[in-house]
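In terms of the numbering used here, the sequence shown opens at residue 58 and continues consecutively. Think of the CB as a built atom: it goes at the ideal place given N, C-alpha and C, for glycine as much as any other residue. Computed from a prediction, not measured in an experiment: that's the story for all the values here.
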Amino acid sequence: MAETIAAIATALSASGIGIIRISGPESREITSKIYRSKGGKKNIRQVPSHTINYGFIQDGEETIDEVLVMVMDGPRSYTGEDTVEIDCHGGVLAMRKILDTVIKYGARPAQPGEFTKRAFLNGRIDLSQAEAVIDVINAKNEYALKSSVSQLKGNVQKAIREIREAIIYQIAYIESALDDPEHISIDGYGETLYKEVKKQEEKIDRLLLSVKEGKLVKEGIKTVIVGKPNAGKSSLLNTLLGEERAIVTDIAGTTRDILEETILLHGISLRIIDTAGIRDTEDVVEKIGVKKAIDSAKDADLVLFVVDSSIPLDENDREIMELLKDKKTIVILNKADLEQVVTEKELKEITSHPIVSVSAKEEQGIDLMEDQIKELFFQGELAFNDEIYITNARHKAALEEARKSLEMVENSIEMQMPEDFFSIDLMNAYESLGSIIGEAVGEDLVNEIFSKFCTGK
């Protein structure tokens, strides 16, 4: 923390601008050795904080680039330390030469995630907010971005702190009563504590209930397209993608292997897998494809079962329906542009899954299918005003651990155990929750988390 670090904070590729970030106690001093204002009169050591200064970066007599230099004194900076950012032209060589010059005059190269790690260590953000930074960077859809920004603003931190404050109050009361039994009575305290523990468990349960939706928001919905050969599975995939990605022919069994693509649907990612047509076959290669299709369907978050409405249902269709009876499924009644032999009414008599009539070829009914997917997973709406979605596996594990500890407090109360037993398990819950926001974590975990960041962030 006593060292001044530097790194390129933008992508190392040709672009409009590049940013070299410097953070630490010598940020201004190092920059003053290489920065020259246009008129040569400004000394970067003396300019006001939070100003942008125009000039040149020089190594001795050599001018490297024309730049803008932003000066931000701590603690009002991203890291909480004195920080300088040099905005230069976005050429790879220019960025590298400026970084090399900064290092030459006293900075050291930053480690991956070290700027954000310093922000955490300096108390600018908690650990959940730090993890949200990389989630913002890696967000693949609109709602993942909104969820990450919500966490970055401190929504998760606020919820966790409220639960911890309630728990630590009870721990303090127990410890005070044990130290001073003459003045603080704990008669009948077990019943009061039991109610409070239940209240905090409910809060944790609400957070844990958001994990499934949070995972879908962050990672996308694993969606598998199944159906018998020539039902129009690959045509549907191509329509959703807006390009001819899968081979489409009139020959049954054209698709032999799985094909995976990602699309954005109303701000949500769908990881779509097109599979081989499911049917009884003696073809060895096709058999392998059919097995892969069945295995993929079993592991899917959502199955799109494509039915050819222009021909009667057969045994293959019924076998697929049986396979999908316990899966989240939408039945896609395809080829609505042709004369229909199979109707929605007929399908409703044999399946409880929602049915959508489409024509993949004519791109009809696709919007209705999209609305149905959103309705299935998010009750038609996803909002991020006050809602908290737990998207981090580490946070989920910590919440589950805290929940178990609170259950143990309940058991101890029911068994009329001594009050110091309550205190032990309450403290375990308190520390488990603290690990989410970084108030009860070891150095190894902190290092592991920030090692996943890119250099410069």
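Could you check the C-alpha separation between I387 and I155 for me, to the nearest Å?
Taking the straight line from one Cα to the other gives about 56 Å.
Use the C-beta contact count for D365: other C-beta atoms within 10 angstroms, 16 or more gives buried, fewer gives exposed.
Its Cβ being crowded by 16 or more others within 10 Å, D365 is buried.
Contact check, V193 vs V213 under 8 Å by CB: the rounded distance?
The distance from the Cβ of V193 to that of V213 is about 14 Å, inconsistent with a contact at the 8 Å cut-off.
With respect to the alpha helix (DSSP H) encompassing T296, which residues constitute its N-terminal and C-terminal limits?
Start and end: 290-298.
Rounded to whole angstroms, how far is the Cβ of L463 from the Cβ of Q257, which I believe are closer than 8 Å?
6 Å between Cβ atoms; contact.
So what does DSSP say about T280, is it helix, strand or coil?
strand
Going by beta carbon distance, what residues of the same chain come within less than 7 Å of T296, once the five residues before and after it are set aside?
A417, E420, I423
Name, in chain order, the residues that DSSP records as bridge partners for A216.
Answer is none; A216 lacks a bridge partner.
Along the beta strand (DSSP E) that carries R78, what are the first and last residues, could you check?
Start and end: 72-80.
Measuring straight from C-alpha to C-alpha, what distance separates A357 and A393?
26 Å
Which same chain residues end up closer than 7 Å to D130 when comparing Cβ atoms and leaving out the 5 residues on each side of it in sequence?
S106, D139
Have a look at Q208 and G271 and give me their C-alpha separation to the nearest angstrom.
12 Å
On the DSSP bridge assignment, give the partners of Y111 in chain order.
L125
Taking the beta carbon of D236 as the centre, do at least 16 other beta carbons fall within 10 Å, making it buried, or is it exposed?
Taking all protein chains shown into account, D236 has fewer than 16 neighbouring C-beta atoms within 10 Å of its C-beta and is therefore exposed.
When the Cβ atoms of the segment 475-493 are set against those of the segment 447-457, are three or more pairs found closer than 8 Å?
yes
List the whole-angstrom C-beta distance separating I389 from V360, where the pair is believed to meet the contact cut-off of C-beta under 8 Å.
About 10 Å separates the Cβ atoms of I389 and V360, ruling out a contact at the 8 Å cut-off.
Rounded to the nearest angstrom, what separates K90 and I320 at their Cα positions?
K90 and I320: Cα-Cα distance of roughly 50 Å.
What residue range is occupied by the uninterrupted beta strand (DSSP E) comprising N391?
Here the beta strand (DSSP E) through N391 covers 386-391.
Select from P475, K174, A64, D482 the residue whose C-alpha is nearest the C-alpha of I506.
K174
Reducing DSSP to helix, strand and coil, say where D356 ends up.
It is coil, neither helix nor strand.
Just to confirm, are Y135 and F177 a CB contact at a threshold of 9 Å?
no
Quick check on this structure: which residue in A223, D501, F478 has the alpha carbon closest to the alpha carbon of E259?
A223
How far does the beta strand (DSSP E) with V413 in it extend, from its first residue to its last?
412-414
Using three-state DSSP, classify D157 as helix, strand or coil.
DSSP places D157 in helix when its eight states are reduced to three.
Would E142 and I77 qualify as a contact pair, given that the criterion is a beta-carbon distance under 9 Å?
Yes, Cβ-Cβ distance for E142 and I77 is below 9 Å.
Within a Cβ cutoff of 6 Å, which residues of the same chain sit near V305, ignoring the five residues on either side of it in sequence?
The predicted position of V305 is uncertain, since its pLDDT is 42 and thus under 50; no value can be drawn from it.
Give the secondary structure of A229 by DSSP, where H, G and I count as helix, E and B as strand, and everything else as coil.
helix
Taking L266 and F434 to be in contact with their CB atoms under 8 Å, please state how far apart those CB atoms are, rounded to whole angstroms.
Going by Cβ atoms, the distance from L266 to F434 rounds to 14 Å, so no, they are not a contact pair.
Look at the alpha carbon of R153 and the alpha carbon of V283, and state the distance between them as a whole number of angstroms.
For R153 and V283, the distance between alpha carbons rounds to 50 Å.
Among the candidates I182, T512, M127, whose CA atom is the shortest distance from the CA of T88?
Ranking the options by Cα distance to T88, first place goes to M127.
Of all the alpha helix (DSSP H) runs that stay within the bounds of the segment 243-278, which reach a length of 4 or more residues?
246-266, 268-276
In its own chain, which residues sit with a C-beta less than 7 Å from the C-beta of E253, not counting the 5 before and 5 after it?
A223, Q227
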